[in-house]
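Q:
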Amino acid sequence: MKNLLCPQCQIRRFFLLNAAGERLVVTVTADQKIHPIHDDASLDGFDISVLYCLGCSWKGSIHNLT
């Protein structure tokens, strides 16, 4: 399955934040679905409107990914 990439550094892993500042590492599929990299993790409580790149300083919407 193809993953969308960071528009700045072209890596495929991002993280999300929750209200407590905890991070959840995710990937985004070509059909713009967010998936945690660990099968037992959940998106519950995490803000999915902003993605943060693990490789550079980019942050933005899922719609900005390439």
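Every letter in the sequence shown is one number past the one before it in this note's numbering, and letter 16, counting from 1, is 16. We put the beta carbon where it would ideally sit given N, CA and C, even for glycine.
Okay, do the segment 18-31 and the segment 46-64 touch, 3+ Cβ pairs below 8 Å being the bar?
A: Segments in contact, yes.
Q: Taking only runs of the beta strand (DSSP E) that begin and end inside the segment 6-33, which ones reach a length of at least 3 residues, in chain order?
A: Counting only runs of 3 or more, we get 14-17, 23-28.
Q: How would you label Cys6, buried or exposed, when you count the other beta carbons within 10 angstroms and need 16 or more for buried?
A: Translated into the one-based positions of the sequence shown, residue 6 becomes position 6. Buried is the call here.
Q: Would you mind reading off the limits of the beta strand (DSSP E) that contains Cys53?
A: In the sequence shown, the residue the question calls residue 53 occupies position 53. Start and end: 51-53.
Q: Could you round the C-beta distance between Ile62 and Gln32 to whole angstroms and report it? I think they count as a contact, below 8 Å.
A: Counting from one through the sequence shown, the residue named residue 62 turns up at place 62. Counting from one through the sequence shown, the residue named residue 32 turns up at place 32. Contact holds; Cβ gap of about 5 Å.
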